[in-house]
Amino acid sequence: MIMVVDEDRNSLYPATREKIHREGLWHEVFHCWLLDTSAESPFVYLQERSLTKADFPGLYDISAVGHILKGESIQDGVREVEEELGLSVKLEDLRRLAIVKTETIIGEFKDFEHPHVYLLDKQMSWDDFSVQLSEVRGMARVPLRNLFNFTLKKVQSLEIEGFRMDNGVQTFYKEEVDYSNFVPHDRKYWREVLEPMVEYCNRQGKRV
570 MIMVVDEDRN
580 SLYPATREKI
590 HREGLWHEVF
600 HCWLLDTSAE
610 SPFVYLQERS
620 LTKADFPGLY
630 DISAVGHILK
640 GESIQDGVRE
650 VEEELGLSVK
660 LEDLRRLAIV
670 KTETIIGEFK
680 DFEHPHVYLL
690 DKQMSWDDFS
700 VQLSEVRGMA
710 RVPLRNLFNF
720 TLKKVQSLEI
730 EGFRMDNGVQ
740 TFYKEEVDYS
750 NFVPHDRKYW
760 REVLEPMVEY
770 CNRQGKRV
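Numbering (our numbering), first residue to last: 570 to 777.
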């Protein structure tokens with residue numbers, strides 16, 4: 570059961586995921602963005618959702634995402650990084666980026682969320698990931714600068730590289746994607762998350 574909250578994030582009562590998305594009930598979620606600033610041009614990792622997911626199968630999304638369940642705190646959401654991606658992470662490894670308020674309505678699907686957004690800056694390789702196949706098909710990465718311009722709609726497509734797990738086989742690829750390949754997040758979300766991420770990189774001496 571997921572904890573329903575009001576628009577000010579006050580806890581109300583638990584409800585099922587189906588009820589929350591059917592009735593458009595506010596709830597809190599944990600978002601973790603993986604960033605690698607070790608390269609000259611920092612890049613971010615995207616999760617490709619499993620093809621068996623009920624919502625947005627096969628689309629690219631935030632590195633790791635999880636609903637906050639009844640009896641949990643936002644900090645408990647860090648479990649999603651290990652469960653979905655196989656990365657051992659502690660809360661103190663993360664930097665808080667923002668608390669955002671988003672509303673997504675697609676047909677009868679109503680997703681009213683308060684995402685608590687965190688950043689993990691870590692040098693990684695593809696071998697570091699062990700994805701949870703029921704949730705994640707694979708991982709991709711893209712230069713932060715390119716993703717920022719893409720979400721601002723300065724460009725219409727984006728070149729990414731990554732790997733997929735299909736039938737137990739890991740396949741590496743490079744491909745060009747567009748907006749239809751991404752879980753829909755409004756421009757407000759992208760701005761409130763990517764702008765502080767860019768500022769963080771600039772403070773590290775990495776110009777984006």
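Where a beta carbon is used, it is the ideal one built from N, C-alpha and C, also for glycine.
It should be emphasised that the depicted structure is a prediction, and the values quoted were computed from it without experimental measurement.
Report, in whole angstroms, the separation of the C-beta atoms of residue i and residue j, which I expect to be a contact under 8 Å.
| i | j | result |
| --- | --- | --- |
| E653 | V705 | 5 Å |
| I637 | E597 | 4 Å |
| H683 | V634 | Between V634 and H683 the Cβ distance is about 13 Å, and since that is not below 8 Å, they are no contact. |
| L603 | Y614 | 4 Å |
| F719 | L727 | 5 Å |
| T606 | K775 | 5 Å |
Taking Cβ positions, are residue i and residue j nearer each other than 9 Å?
| i | j | result |
| --- | --- | --- |
| Y742 | F751 | no |
| D698 | G593 | Checking the sequence, you will find Phe at residue 698 rather than Asp. For F698 and G593, no; Cβs fall outside 9 Å. |
| Y769 | R664 | yes |
| Q616 | M708 | yes |
If we ignore side chains and look at the alpha-carbon of each, how far apart do residue i and residue j end up?
| i | j | result |
| --- | --- | --- |
| D624 | D735 | 19 Å |
| R618 | L702 | 9 Å |
| L713 | E730 | 13 Å |
| W595 | E744 | 36 Å |
| M570 | G737 | 31 Å |
| Y748 | D755 | 11 Å |
| L581 | Y758 | 24 Å |
| V647 | A667 | 15 Å |
Name the DSSP beta bridge partners of residue i, please?
| i | result |
| --- | --- |
| W602 | L688 |
| query | For the region 710–723 against the region 578–593, are there 3 or more C-beta pairs whose distance is under 8 Å? | reply | no
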